[in-house]
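Residue numbers (the working numbering): 3 to 168.
Note that CB positions come from ideal geometry on N, CA and C, so glycine has one too.
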Amino acid sequence: SINQCINIKFDLLLNDNSNLNLINHSEKPNTKQLLNFSANLNKNAKLTIHPIDINGKLIKNNYFIHLNKKGSECLFSGFSLIDKKEHIDNYVEIYHNNKHTISKLNYKSITKGHGKNILFAKAIIQKNSSHSEAYQKNNNLMLSPTSIIHSNPQLEIYNNDVQCTH
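Structural data, given as structure tokens:
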């Protein structure tokens, strides 16, 4: 088995009325990876992202989604499966920077052996982002007493005219 180190950077700009469906499937059992993913969405743009991480020695994924214009939307639906001494850490921030923006995060993980899975997910509703919606759901399954899962969903809300749950 070959040990690898990978550093990946994505910068996306979704223009008005655009729609992007993205699947990021990763199976890297002998790899250390750092992923920095940034997306800026304009008016009525929709991003659907499906990160799927199946094993990895050390996987650190950072996602920064900016819903910049009215009607922009992000559906983040992720899954991870790890075993042995593998470690996957997902950090997600979704910024609601305008009115009528929507984010839906649904993340599932299965961990066994001495695997460690971390999810930090934050939706930030800015002061000028009325009529916005932010939903977060995280389901985890630990298949051994030595596996570890940390879930940290957060909502940071600076406007009272919103719908948010986690």
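Pairing K45 with K71 gives a Cβ-Cβ distance under 8 Å. Excluding residues up to 5 positions away in sequence, S82, N119, N142 lie with their Cβ nearer than 6 Å to the Cβ of S111 in the same chain.
Taking 8 Å as the cut-off, the Cβ atoms of Y93 and I127 do not count as close. When rounded, the separation of the alpha-carbon atoms in K11 and N64 is 10 Å.
The Cβ atoms of T167 and S134 do not sit closer than 8 Å to each other.
Taking the Cβ atoms as the reference, S40 lies roughly 5 Å from D13, within the contact range of under 8 Å. Boundaries of the beta strand (DSSP E) around A125: 118-127.
For F78 against L107, the beta-carbon gap comes to about 5 Å, under 8 Å, which counts as contact. Note on geometry: alpha-carbon atoms of N42 and L16 lie some 6 Å from one another. With contacts defined by Cβ atoms closer than 8 Å, Q156 and K124 form a contacting pair.
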